[in-house]
Structure formats: C-alpha cells, structure tokens
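Beneath this line is the structure, given in structure tokens, with notes to follow.
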Amino acid sequence: MLNIHNLSISFGGESLFDEITFRLGAGDRVGLIGKNGAGKSTMLKILSGEQEADTGQIAKDKELKIGFLKQDIDFIQGRTVIQEAQQAFVEIKVMEKKIDFINEQLATRTDYESDGYTQLIQDLSEITHQYEIIGGYNYQGETEKVLIGLGFERDKFDKLTDTFSGGWRMRIELAKLLLQSNDILLLDEPTNHLDIESIIWLESFLTSYPGCVIIVSHDKMFLDNVTNRTIEISLGKIYDYKKPYSEYLVLRQELREQQLASQKNQAKQIEQTEKLIEKFRAKASKASMAQSLIKKLDKVDRIEVDEDDNAVMNLRFPVSLQPGKIVVETEGIGKAYGKVQILEDIDLLIERSSKIAFVGQNGQGKTTLAKVIVGEIGHTGKLKLGHNVQLGYFAQNQADELDGEKTVLDTMIDAATESTRSKVRDMLGSFLFRGDEVSKKVKVLSGGERNRLALCKLLLQPFNVLIMDEPTNHLDIKSKNVLKEALKGFEGTLIIVSHDRDFLQNLTHSVYEFKDKKIKEYLGDIDFYLDQRNVENMRAIEKRDKVQKEVSNNNNSSKQSYNDQKKFKSLQNKLSNTEAKINKLEKELKTLDQEMATNYKAATAKPHFLDNYKKKKKEVEQLMKSWEQLQEEIEIIS
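In the numbering used here, the protein residues as written are 3 to 640.
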C-alpha cells in the first residue's frame, strides 16, 4: 500500500529522521510514538504529501486515498455541522444535483411525447440506480451515526461550525475523515478533545476499519485497545514491532537487555584477545600469531545497544505560602448556559492539602466548576476562598492561548515578575528548552512542547491551590509520568480534571463524580472510586451508565432515523417518476379524447384504438393509487 525507503529530514541542522525504512499495508493499525518534538507530526505530514522529506522515496499504490487529521483545523465559514461532515461525500453530492435538475425538468416540461422527455426519464432511472450503488440512500444516516458517536446531539447538527470550540471542530473534521472511506487514515492526537464515551466509540470504529490507520497518541489505553503495531521514533531512528504499545515496551526492553548481555560477553572476548595480542607481540616467534589476532579483531562486528532518549523535564510545584485550613467553600452553586442547566445546588468544602479528582462525562460540569472556583465565569450561589489562598489554574486550552508569534524565551520573560525574571532560562532548561530552542517561535512547537511551555509559564506565578484541567493533553508518556510525580510531591491543594486512570492512580485522595447537575464524593483514590462503582475502569462506567439510556434509543430512534432517511429519499424519487408517467399518460389520453370528440367513428375505426385507450386509462388509475400510497408514506416519515 505504502512503502517508505531511506527517508531523512532535518531542521536547522538537527536530524529528525535518518534513512528510515518501513512499509504500511491494509489492516495495519499503527501507534506512532516518541517524545514531544521527536518528529511524529512531521512524519504524518510527509506521509500525507503535505511536506517533503530531504531524501528518500515514498512509493504508493495508484489512486491511494489518504485522510489526515491535523491538530490545526480551518473550516469554510457558513456551513452547519451536518453540511461540513457531508463534504466527505463529493460524488454523491454531485449526483444529487443531477437528480434534482432532472426532477425539476420533469415537473416543468410538458412535451411528454418528445424524445427529450423520454430520455430524461431514462437518465433519471440510470442516475438513481448509480446513486443507490454509491450509497446515496445511506450517507445521511451514516453521517448522523458518526456525529452522534463522536458526541454531537441532534439539535446541534444545524448549528454553524464557527460557533463551536476548537475541540468540537476537531470532532467534525474527524467525522468527515471517517466517512470518506480513505485507504489510509493519519490521526494526530485524535482523543485529546474526546470524552471517554466518544473514545470508546472511536476505538470500536477503528478496530474494524478495513484500511490502514496511523495514530499519534499518548493515551496508553487507547493505543493498546486499537493498535496492532507500534513504531517509535527515537534519536532519528525507528523501532518497529507488530505489537500494541504495552507489549511493545516489554519486547523492546527484552531486546535491549539481550543486546546489553551480548555486548558484555563480546567486550570480555575482545579484552581477552587484546591481552593475547600484547603478550604475543613481545615474542618474535609469536609475532605472526599477534598479527592474525589483530586482523581477526578488526573484522569483529561490534554489538551496539539501542540508545534510549531519557531526557525528561525537571518539574517541581512550590507552595507560595501557607493558607488557612479551609481553602474553598461553596453553598448552592449553580450555573446555566442559556436554558441548559449544568450545575445545580452544589455544596463543597475543600480543606488545605486535599488532593481531589473531578471525573465524569464531558458536559457534566467538571470544567465549569473549575472555572467558577478561579473566578473565570459567573454563577449563582455563594463561593468563598479561604485566608491567604492563591490560585494557580491550568486550563484545558492553556497551550492554545500562547502567542504563536512570540519566541519561547519572550513568552516566559513577558509573563515573569521581577523576582522570577532572572530564573527564566534555568526554568526553560528544566523543561527541555535549551540552547537555540528558546529562540523558536511558539507556532513551530509541537502540541506537547507547547504544553510543556504552558506548564513552565504557570510556575512563574505564586500559588498554593492548583487547579488543572486535562493537563496531560499532548504530553508524551514520559512527560506525563514526570508531571504526575511532581504533583504527588506538591504540598499544596490539588484539584485535577481528568479521564486518564493511569495518571490519576495514586495521585488523589478523593474523587468527585459529576452527573446529572450534581456531584458525589468518594473518600478514596481513583481505584477506590472504581471499586465502589464495581467496574474495572472509567470507560466501563461510561458504558454501563449509557446502556440504560441508549439501548432503546439506539435500536429505535437512531436506527429508525437512519432507515427513514434512506426510505424518504427513495420514496421521493419514486414519487417523481410516478408523477412524470401520469403526466405523460394524461397528455396522451387528452389527445385521444380530442380525436374521438372530432370524429368518433374515424378514431375508433383505427386498429386497437379502443384497446389502447382503455389500457392507458387503467395505467393512469393504477399509477394514481401508487401516487397516493407513496404520498401517505412520505407524510408518515416526515
């Protein structure tokens, strides 16, 4: 399907890839992994044809269709969600215009006996058949199914795309790609803006996808559930194994241990040979043996151990000053967006040094309550912050708020205070921004690098209560582990919004579940919470909570809507064909009536005249019954 041979590319003299080779085939679901800045997104751009490599070749099958989900999305304004998603069906849309044009002609023209009119009827029949073959009666239902799977409600389908946030716009673009029937799907961080429910749906979709899928993701569970192959980019090389992520890690470690053992044994043999060479060199009678051993040593293929890129950021969250015992207290907090009530009558008491996780489906109010606490949005009810409380807030879109035109260094200097300005370069170094990297513009950084910069910037301000909303988005797995360890060592109060069980494990001491406008506290860590809910993981909760609500809906409402869309379009076309036939026959009968009215005997004396007349009358009666039946069916559906 796609062959990559000796691919190399570098930026500013720094090599990202050096003569890497691999092949992609149908059924491959590849997890493309590596540190932030290793070149994962660059690789996707090269495979999509959006960017060229310095050297190497990419051979692909003719007419290969590649879909690419990028992190930066730009839509044409003025389209609704459903219209944008249906841009996936270019051929169907062109054919629909042809069908509408022919139907309009059939409805307005009166030359029923002409060859042109007959040809229109034939054209409509042929195009309608072709339309059915390419999925014309199915695409509207398929579009709805995918949009609902990705978290859209039906009442949002007709809203303009520019009214949605970046995360929701990414979902629209993802829906479009999934509907296109591409041969290869390139997905750059597809789960970053998805809730657990949508991630579960996407996993199910991708595991049955017939083409090739390449996924850049730092979600270990998602990679394990979807992929059957892992390609890691590290220090300009790739490591390719036909295993999902967790199995790959074990395999890679075993290989490295074998290499180390072999290297150690070889080093012993080389050392012994070198000692013999030195010993024989001193004796003239043994000189030839020494030369023979030297030649043998020169031919030895030295065993190399795969290098590991172990550079990680150095992260610590200091507490600014000691606050009072109660840091946050709420009474009857409520929040609505228009007519939609998100939170209702929330009472909350948070004590100093608490470590709290906010969990639950998207849209249940986790981020909303976080924004209420930091004073970013208004609310009803009472909110009181404790004595000496200083809030630090890492928003879900924190990295997106950075100015792309500024350099890494300027971003930090502009945000620094007098007391922290002198520490900026040291802080950047701790976050792996060293040397010339501080002069890079923010817009050229990868998503993970931007997140690291946003975290670094957060540390410029004093705080003793830290609220973080999905802080692991875009972070590579090693950076996520570093962040987790830093938060475990934070001596202040922590509130963290996340759906990542691995990240939350052993990090928080209590869990607040958001559901149906309320919150419920579980006095234990994430494992205790899951145990109380009697499930293995948070995804299972989503499945269980959803099943009661959607068993009937999925089998009735969604499925019925999907089938109705298909049936409605089919009935409309049948109705147009029936009307055209009735018009043509009525025109022919009118001509026969005029003949009989002018000279009845002469007209009826023609061979088969009356038989033909009666036949046409009967056909009209039958067509009128069919027309009435079709009209009734259309009214029932609409």
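The C-beta atom is built at its ideal place from N, Cα and C for all residues, glycine as well.
Among the options, which one has its Cα closest to the Cα of residue i?
| i | options | result |
| --- | --- | --- |
| Asp-504 | Lys-482, Phe-492, Lys-520 and Asp-30 | Lys-482 |
| Ala-1 | Gly-437, Asp-20, Pro-464 and Glu-54 | The shown model of the chain, from 3 to 640, leaves out residue 1, and the question about it has no answer. |
| Val-622 | Lys-520, Ser-219, Leu-632 and Ile-584 | Ile-584 |
| Lys-459 | Met-414, Ser-424, Glu-420 and Lys-95 | Met-414 |
| Thr-57 | Ser-421, Ser-17 and Lys-486 | Ser-17 |
| Gly-406 | Leu-447, Ile-375 and Leu-387 | Leu-447 |
| Gln-89 | Leu-181, Leu-49, Ile-22 and Asp-125 | Leu-181 |
| Gln-624 | Leu-587, Met-598 and Asn-601 | Leu-587 |
| Leu-485 | Ser-432, Ile-217 and Leu-345 | Ser-432 |
| Asn-8 | Ala-61, Arg-354, Asn-38 and Leu-34 | Ala-61 |
| Thr-44 | Phe-13, Val-96 and Ile-521 | Phe-13 |
| Ser-424 | Leu-462, Gln-255, Arg-436 and Gly-449 | Leu-462 |
| Leu-278 | Ile-296, Asn-267 and Leu-262 | Ile-296 |
| Ile-521 | Gln-363, Asp-117 and Asp-613 | Gln-363 |
| Phe-224 | Asp-502, Asp-125 and Asn-5 | Asp-502 |
| Ser-183 | Glu-205, Ile-78 and Ser-210 | Ser-210 |
| Gln-79 | Met-97, Phe-166 and Gly-118 | Phe-166 |
With a cut-off of 8 Å on the beta carbons, I'd call residue i and residue j a contact; round off their distance for me.
| i | j | result |
| --- | --- | --- |
| Gly-336 | Thr-382 | 4 Å |
| Glu-175 | Ser-219 | Wrong, their Cβ atoms sit about 16 Å apart, outside the cutoff. |
| Lys-384 | Glu-420 | About 36 Å separates the two Cβ atoms, so there is no contact after all. |
| Thr-275 | Leu-299 | 5 Å |
| Ser-355 | Thr-495 | 6 Å |
| Gln-2 | Phe-516 | Here the chain has residues from 3 to 640 only, and residue 2 is not among them. |
| Lys-519 | Gln-260 | No, Lys-519 and Gln-260 are not in contact; Cβ-Cβ is about 56 Å, not under 8 Å. |
| Tyr-615 | Leu-594 | 5 Å |
Cβ atoms of residue j and residue i: under 8 Å apart, would you say?
| i | j | result |
| --- | --- | --- |
| Glu-572 | Tyr-139 | At residue 572 the sequence reads Ser, which differs from the Glu that was named. Closer than 8 Å, so yes. |
| Lys-42 | Gly-51 | no |
| Met-429 | Cys-214 | no |
| Tyr-395 | Ile-469 | yes |
| Val-330 | Gln-392 | no |
| Lys-589 | Tyr-114 | yes |
| Gly-326 | Phe-19 | no |
| Ile-272 | Val-302 | yes |
| Phe-24 | Ile-235 | no |
| Ser-10 | Ala-55 | yes |
| Ile-135 | Ile-94 | no |
| Lys-247 | Lys-222 | Correcting the residue identity first, residue 247 is Tyr in this sequence and not Lys. A contact, by the Cβ cut-off of 8 Å. |
| Leu-345 | Leu-387 | no |
| Ala-269 | Lys-178 | no |
| Lys-618 | Leu-591 | yes |
| Leu-149 | Gly-69 | no |
| Val-444 | Lys-408 | yes |
| Ile-328 | Glu-353 | yes |
Within a Cβ cutoff of 7 Å, which residues of the same chain sit near residue i, ignoring the five residues on either side of it in sequence?
| i | result |
| --- | --- |
| Lys-281 | none |
| Ala-488 | Leu-317, Arg-318 and Phe-319 |
| Lys-373 | Ile-379 |
| Gln-550 | Low per-residue confidence applies at Gln-550: pLDDT is 49, beneath 50, and the placement is therefore not dependable, though the value from the model is reported in the following sentence. Result list for Gln-550: empty, nothing under 7 Å. |
| Tyr-250 | Thr-232 and Tyr-243 |
| Lys-158 | Val-83 |
| Ala-292 | Ile-279, Phe-282 and Arg-283 |
Within its chain, find whatever has a CB closer than 6 Å to the CB of residue i; leave out the 5 residues flanking it on each side and keep chain order.
| i | result |
| --- | --- |
| Lys-603 | none |
| Glu-641 | Coverage of the chain is limited to positions 3 through 640, which leaves residue 641 absent and any answer about it impossible. |
| Lys-442 | Val-410 |
| Gln-53 | Lys-47 |
| Ser-200 | Leu-152 and Gly-153 |
| Asp-185 | Leu-66, Lys-67 and Gly-213 |
| Leu-350 | Thr-332 |
| Leu-189 | Leu-71 and Ile-217 |
| Ala-397 | Asp-471 |
| Ile-22 | Leu-9 and Ile-240 |
| Leu-26 | Met-3, Leu-4 and Cys-214 |
Beta-carbon within less than 8 Å of residue i's beta-carbon, same chain only, minus the 5 sequence neighbours each way: which residues are those?
| i | result |
| --- | --- |
| Glu-581 | Leu-108, Ala-109 and Trp-629 |
| Glu-538 | Confidence in Glu-538 is poor, its pLDDT being 48 and thus under 50, which makes the residue's placement unreliable; the coordinate value appears in the next sentence. Cβ within range, chain order: Leu-532. |
| Trp-203 | Gly-151 and Leu-152 |
Counting only beta-carbon separations shorter than 8 Å, does residue i have a partner in chain B?
| i | result |
| --- | --- |
| Leu-591 | The chain inventory of the structure shown lacks chain B, comprising one protein chain alone. |
### Query
Quick check: the segment 87-101 against the segment 124-135, are there 3 or more CB pairs under 8 Å?
Contact annotation: the segment 87-101 touches the segment 124-135, with at least three C-beta pairs closer than 8 Å.
### Task
Count the CB pairs spanning the segment 473-480 and the segment 450-459 that are closer than 8 Å, and state whether there are at least three.
In the pairwise beta carbon analysis, the segment 473-480 is classified as touching the segment 450-459: at least three pairs are separated by under 8 Å.
### Query
Does the segment 77-85 come close enough to the segment 156-166 that 3 or more CB-CB pairs lie under 8 Å?
The segment 156-166, when compared against the segment 77-85, does touch it at the 8 Å Cβ threshold.
### Query
Quick one: any contact between the segment 506-514 and the segment 352-363, if contact means 3 or more CB pairs under 8 Å?
As far as the Cβ criterion goes, the segment 506-514 touches the segment 352-363, which means the pair count is three or higher.
### Query
Touch check for the segment 26-35 and the segment 220-230: three-plus C-beta pairs under 8 Å?
Touching, per the Cβ criterion.
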